[in-house]
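Asker: Residue numbers (the working numbering): 101 to 228.
Pasting in a structure now, in structure tokens, and then I'll have a few things to ask.
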């Protein structure tokens with residue numbers, strides 16, 4: 101289970117902007133939220149619903165902040181969360197040291213490289 105901090109009410113506007121921009125950036129991991137296109141569409145719809153409710157005055161800052169925190173817990177990985185709050189990949193997500201019996205390879209495989217590239221793009225949308 102990933103550990104996420106709460107989103108403060110005074111940060112709601114910044115989080116809405118950052119998450120919406122990241123969700124529609126085709127280079128970013130949030131465009132294809134873990135699970136495919138249907139899940140990504142649902143994630144974007146949920147995010148736009150929160151933004152509309154906040155900007156239309158239907159929900160308070162506190163309620164939207166709670167909703168955004170739940171959205172992040174539901175749709176983001178821990179690494180994506182840390183990138184958005186202004187950090188880099190957390191130590192727990194860093195590549196573990198190889199065992200002595202395992203052959204070492206200094207070149208990352210294609211999946212690892214793609215994930216690192218996507219996190220670099222997401223870093224452009226950070227809130228912190």
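For every residue, glycine included, the Cβ atom is placed at its ideal position computed from N, Cα and C.
What are the boundary residues of the alpha helix (DSSP H) that residue 155 is part of?
Answerer: 137–155
Asker: So, at 7 Å on beta carbons, what are the nonlocal neighbours of residue 133 in its own chain, with the 5 sequence-adjacent residues on each side left out?
Answerer: 139, 140, 143, 175
Asker: Output the distance between the C-alpha atoms of residue 129 and residue 154, rounded to the nearest integer angstrom.
Answerer: 25 Å
Asker: Taking the Cβ atom as the reference point for each residue, do residue 116 and residue 151 lie within a distance shorter than 8 Å?
Answerer: yes
Asker: Between residue 193 and residue 218, what straight-line distance do the alpha-carbon atoms span, to the nearest angstrom?
Answerer: Low local confidence applies: a pLDDT of 47 at residue 193 is under 50, so the model's placement there is unreliable, and no value is given.
Asker: Classify residue 109: buried if its beta carbon has 16 or more other beta carbons within 10 angstroms, exposed otherwise.
Answerer: exposed
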